[in-house]
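In my numbering, the protein residues as written are 862 to 966.
Positions of the beta carbon are idealized from the N, C-alpha and C atoms, including for glycine.
Structure first, commentary second.
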DNA sequence: GCCATGGCTAGTA
DNA sequence: GCCATGGCTAGTA
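Written out as structure tokens, the structure is:
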């Protein structure tokens, strides 16, 4: 496994329950600010194998990127089970639920 | 809604 | 060539 891939796996594992990060944030925290698509690719191929909390990664707008067939419904259900609230339009407020944010705000 | 972006892997030589 | 992105613009109301 390449260094960046390892770093991404580690970053994703560090997201606590009830918190989310965007693909780009995960990439940046892993040493490659422009590697958002790699994060998507890694989640797609390695989530199962490494037991990653894949549901805690959303796009920069706070939306679930997966479609219904791809597991979008399951992702939302898992996040809601961790206390994450979805606004109208199925958006998560990253100010509130982003990794490092204060959810009590 | 369009399209540049990038690290990696599968597949070929 | 893949990919579960992201950022910017055009075009409407």
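Review point. Closest by CA to residue 877, which one among 913, 888 and 866?
Key: 913
Practice item. Buried or exposed for residue 921, please, with buried defined as at least 16 other CB atoms from any protein chain shown within 10 angstroms of its CB. Key: exposed
Exercise for review: Have a look at 890, 949, 951 and 945 and flag the residue whose alpha-carbon is nearest the alpha-carbon of residue 881.
Suggested key: 945
**Study point:** Candidates 923, 885, 963 and 869, of which the one nearest residue 949 by Cα
**Key:** 923
Exercise for review: Answer with buried or exposed for residue 959, where buried requires no fewer than 16 other C-beta atoms within 10 angstroms of its C-beta.
Suggested key: buried
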